[in-house]
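The sequence shown begins at 39 in the numbering used here and counts up by one.
Cβ coordinates follow ideal geometry from the N, Cα and C atoms, glycine included.
Below is one structure, written out as structure tokens, with a few remarks after it.
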Amino acid sequence: MALEFTDGNFQTDVLESDKVSVVDFWATWCGPCRMVGPIIDELAEEFGDKAKIGKVNVDVNKEISTKYRVMSIPTVLYIKNGEVVDKVVGAAPKKTYQAKLEALL
Numbered sequence: 039m040a041l042e043f044t045d046g047n048f049q050t051d052v053l054e055s056d057k058v059s060v061v062d063f064w065a066t067w068c069g070p071c072r073m074v075g076p077i078i079d080e081l082a083e084e085f086g087d088k089a090k091i092g093k094v095n096v097d098v099n100k101e102i103s104t105k106y107r108v109m110s111i112p113t114v115l116y117i118k119n120g121e122v123v124d125k126v127v128g129a130a131p132k133k134t135y136q137a138k139l140e141a142l143l
């Protein structure tokens, strides 16, 4: 299961992590987000301790969503050493998310 990233834990759990982080910005009312959510959960299971994989609910965590200028959801950011190194905006097949993550590991 994917982690839950929030305005409160984003700094320590994502930005200060020594692992690559995959962050899915989503909302409960977003149809495409409901398609991407299970993919993110699968990646969290498959990659286990190799990466930090989680979700940010944009309706609850406005500070992080604003900081990273998330205008469309789903948006998936790949963060390494505290910096955004890649992203996917909109729903995509699992292999897209997986390939981007594998390239960063």
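Let me know the beta strand (DSSP E) ranges lying completely inside the region 77-107, each 3 residues or longer, listed in chain order. Taken in chain order, the complete beta strand (DSSP E) segments of 3 residues or longer contained in the region 77-107 are 89-95.
State the Cα-Cα distance for the pair Val108 and Asn95, rounded to the nearest angstrom. Whole-angstrom Cα-Cα distance: 11 Å.
If Pro112 and Trp67 are in contact, beta carbons under 8 Å, what's the gap, nearest whole angstrom? A Cβ-Cβ separation of about 12 Å leaves Pro112 out of contact with Trp67 under the 8 Å criterion.
Report yes if the CB atom of Ile91 is closer than 7 Å to the CB atom of Val60, and no otherwise. The Cβ atoms of Ile91 and Val60 sit closer than 7 Å to each other.
Give the single residue among Ala129, Val114, Glu84 and Gly46 whose Cα lies nearest to the Cα of Asn99. Comparing Cα-Cα distances from Asn99 to each of Ala129, Val114, Glu84 and Gly46, the minimum goes to Gly46.
Can you tell which of Ile77, Ala141 and Lys93 has its C-alpha closest to the C-alpha of Ala130? Taking Ala130 as reference, the option from Ile77, Ala141 and Lys93 with the minimal CA-CA separation is Ile77.
Backbone secondary structure at Thr113 - three-state DSSP: Strand at Thr113.
So what's Asp124 in DSSP terms, helix, strand or just coil? Strand, per DSSP.
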